[in-house]
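Engineer: Residue numbers (my numbering): 35 to 150.
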Ligand SMILES: [Zn+2]
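(1) If you draw a straight line from the alpha carbon of residue 116 to that of residue 124, how long is it in whole angstroms?
(2) Figure out for me which residue from 147, 141, 71, 140 has the closest Cα to the Cα of residue 41.
(3) Does the Cβ of residue 113 lie closer than 7 Å to at least one heavy atom of ligand 1?
(4) Please report the straight-line C-alpha distance between residue 85 and residue 35, rounded to a whole angstrom.
(5) Can you check DSSP and say which residues form a bridge with residue 50?
(6) The beta strand (DSSP E) that contains residue 99, what's its start and end?
(7) What residue range is occupied by the uninterrupted alpha helix (DSSP H) comprising residue 144?
(8) Which whole runs of the alpha helix (DSSP H) in the region 50-115 are 4 residues long or more, in chain order?
(9) Enumerate in chain order the residues of its own chain whose CB-to-CB distance from residue 51 is below 7 Å, with the five nearest sequence positions on each side excluded.
(10) Measure from the alpha carbon of residue 112 to the alpha carbon of each residue in 102, 128, 94, then state which is nearest.
(11) Cβ of residue 102 within 8 Å of Cβ of residue 90?
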């Protein structure tokens, strides 16, 4: 939210909140009150935009597979080599299983997971 200049501390989001506030006074704008009003109006839309961007970024990252024979991470949207590609879901499942049985979820290698 800060990167797209839409951040507001939670106590300033309600329309009735006082704008005589340290955050408002610290904004480096000629009319910081106007900036707060603009951010209040755009807060939900900006929040949804940030959530969507993060969601799409994570989805893109999860489409990368670890190619075992070349020891490299590659985008793989249509995986046809499941015996050679370690996928995010395999790591996630393994880590959840480790947490459930009380073993270290970080103690593994790609080869360990491919052999399971
Ligand atoms: Zn793949």
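Idealized CB from N, CA, C, for every residue including glycine.
Structural biologist: Let me lay it out:
(1) If you draw a straight line from the Cα of residue 116 to the Cα of residue 124, it is about 11 Å long.
(2) For the residues 147, 141, 71, 140, the minimum Cα distance to residue 41 belongs to 71.
(3) Yes, since a heavy atom of ligand 1 falls inside the 7 Å radius drawn around the Cβ of residue 113.
(4) Inter-residue distance for residue 85 and residue 35 is about 10 Å (C-alpha atoms, whole angstroms).
(5) BP columns for residue 50 are empty, so no partner.
(6) Per DSSP, residue 99 belongs to the beta strand (DSSP E) from 98-101.
(7) Counting along the chain, residue 144 sits inside the alpha helix (DSSP H) bounded by residues 144-148.
(8) 56-60, 66-96, all fully within the region 50-115.
(9) Correct list, in chain order: 45.
(10) Relative to the Cα of residue 112, the nearest Cα in the group 102, 128, 94 belongs to 94.
(11) Result no, Cβ atoms of residue 102 and residue 90 do not sit closer than 8 Å.
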